[in-house]
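Peer 1: Supplied in structure tokens, the structure appears directly below.
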Ligand SMILES: [Zn+2]
Ligand SMILES: [Zn+2]
């Protein structure tokens with residue numbers, strides 16, 4: 001009892017400090033955002049420790065920097081580019097269905113307004129010449145299809161007879177286009193949902209999958225280069241304390257484990273890009289209604305390796321690049337076994 005009373009002033013001070021922090025940084029009052037921020041700080045600290053220890057211990061590297069500054073400059077450039085890419089990806093939108101719906105409906109409303117205005121009779125000077133512009137053509141050009149609103153746009157992407165009720169997300173109360181999924185961490189539906197990345201604190205979806213791929217590519221290169229520098233340090237003949245070697249070996253072991261994980265992740269996501277799949281579709285293939293019954297080796301959204309790569313790098317982040325479900329004929333064509341002629345004509349490309 002006495003102990004609790006003794007601790008009370010400290011508890012009050014702590015509560016006041018925490019309250020002041022939440023007042024200054026309102027985002028910290030949310031536990032999810034707090035843990036996401038904690039992970040971001042941990043990741044940056046990890047990067048700084050690995051590079052800091054290297055420059056602190058390795059006198060050869062300092063000597064090399066004096067002789068060949070471009071070598072260290074390139075390494076540091078990769079280091080800062082990786083961190084910048086991390087924050088850039090973390091802050092980017094994965095493409096939320098609600099945002100896409102708002103933009104589509106606003107565009108549709110604008111087109112309707114323009115169409116109404118253009119249908120007003122515009123008399124020529126002599127009063128017997130009437131100009132009328134059909135708005136549907138205008139909408140076709142702007143939206144890439146003849147969509148009147150989000151509902152029609154989404155329904156057009158599914159085969160005839162699909163129920164609206166089956167497509168509506170019960171959390172967001174919005175119609176999901178094919179490949180979209182509700183993320184319980186973000187509490188929103190994401191277009192072409194891949195996965196929710198804890199390290200980045202955001203979802204990976206249509207809007208930022210390309211950035212995510214570049215981030216893991218840069219992180220892999222940085223890990224590889226740092227590993228080579230660590231090995232060079234351990235192999236050098238300079239005299240040093242045993243504990244320096246012990247620290248470097250422990251860091252090198254954890255770095256090697258991270259590198260293996262990153263390499264596998266990079267290969268896995270490269271495979272997903274080339275076949276136009278998402279992690280969610282690959283892992284839950286049998287449970288996703290639109291993929292059920294499709295043979296394992298058939299990639300329903302794949303348009304060939306080159307086209308998939310182009311869409312991923314250049315066009316996928318656009319909300320108007322949402323993909324409709326393939327028709328039965330298209331699926332039958334994709335299921336067709338490869339012949340010698342297919343190989344010669346590069347059918348998979
Ligand atoms: Zn949802
Ligand atoms: Zn999420």
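Residue numbers (UniProt numbering): 1 to 349.
All C-beta atoms in this analysis are idealised placements derived from N, C-alpha and C, irrespective of residue type, glycine included.
Fair warning: this is a prediction, and the values are worked out from it, not measured in the lab.
(1) Nearest to residue 302 by alpha carbon, out of 324, 286, 293?
(2) Taking its Cβ as the centre, do 16 or more other Cβ atoms sit within 10 Å of residue 242, making it buried, or is it exposed?
(3) For the 8 Å Cβ check, are there 3 or more pairs between the stretch 94-101 and the stretch 167-182?
(4) CB-CB under 8 Å to residue 72, same chain, minus the five flanking residues each way: which ones, in chain order?
(5) Please determine whether the Cβ atom of residue 209 lies at a distance below 7 Å from any heavy atom of ligand 1.
(6) Near residue 5, which residues of its chain fall below 8 Å by C-beta distance, leaving aside the five closest residues on each side in sequence?
(7) Following a CB-centred definition, is residue 280 positioned closer than 7 Å to any heavy atom of ligand 1?
(8) Give me the Cα-Cα distance between residue 275 and residue 246, rounded to the nearest whole angstrom.
(9) Cβ of residue 185 versus every heavy atom of ligand 2: is any distance shorter than 7 Å?
(10) Decide if the stretch 80-96 is in contact with the stretch 200-211; the criterion is three or more beta carbon pairs, one per stretch, under 8 Å apart.
(11) If you reduce the DSSP assignment to three classes, tell me which class residue 96 lands in.
(12) What did DSSP end up calling residue 204 once you bin it into helix, strand or coil?
(13) With which residues is residue 197 paired in a DSSP beta bridge?
(14) Relative to ligand 2, is the shortest distance from any of its heavy atoms to the C-beta of residue 47 smaller than 7 Å?
(15) For residue 326 and residue 267, what's the separation of their Cα atoms in angstroms?
(16) Residue 275 by DSSP, collapsed to three states: which one?
(17) In chain order, what residues of the same chain lie with their CB nearer than 6 Å to the CB of residue 58, ignoring the 5 residues before and after it?
(18) Just mark residue 52 as buried or exposed, buried being the case when its beta carbon has 16 or more other beta carbons within 10 Å.
(19) Would you report the Cα separation of residue 306 and residue 158, rounded to the nearest angstrom?
(20) Using DSSP bridges, identify the partner residues of residue 188.
(21) CB of residue 203 to nearest heavy atom of ligand 3: below 7 Å?
(22) Does any C-beta atom of chain B lie closer than 8 Å to the C-beta of residue 217?
(23) Could you pull the start and end residues of the alpha helix (DSSP H) that residue 79 belongs to?
(24) What does the alpha-carbon distance come out to for the pair residue 141 and residue 108?
(25) Should the stretch 214-227 be regarded as contacting the stretch 247-258, the criterion being three or more beta carbon pairs within less than 8 Å?
(26) In terms of residues, what are the limits of the alpha helix (DSSP H) holding residue 333?
(27) For residue 36, count neighbouring C-beta atoms within 10 Å of its own C-beta (all shown protein chains included) and say buried if the count is 16 or more, exposed if not.
Peer 2: For this structure:
(1) 324
(2) exposed
(3) yes
(4) 61, 64, 65
(5) no
(6) none
(7) no
(8) 44 Å
(9) yes
(10) yes
(11) strand
(12) strand
(13) 202
(14) no
(15) 26 Å
(16) helix
(17) 233
(18) exposed
(19) 25 Å
(20) 183
(21) The model depicted lacks ligand 3 and carries ligand 1 and ligand 2 instead.
(22) The structure shown has no chain B; it contains just one protein chain.
(23) 69-90
(24) Low confidence applies to residue 141: its pLDDT is 41, below 50, so where it sits in the model is not reliable, and the reading given next is rough at best. Computed Cα separation, rounded: 12 Å.
(25) yes
(26) 328-335
(27) buried
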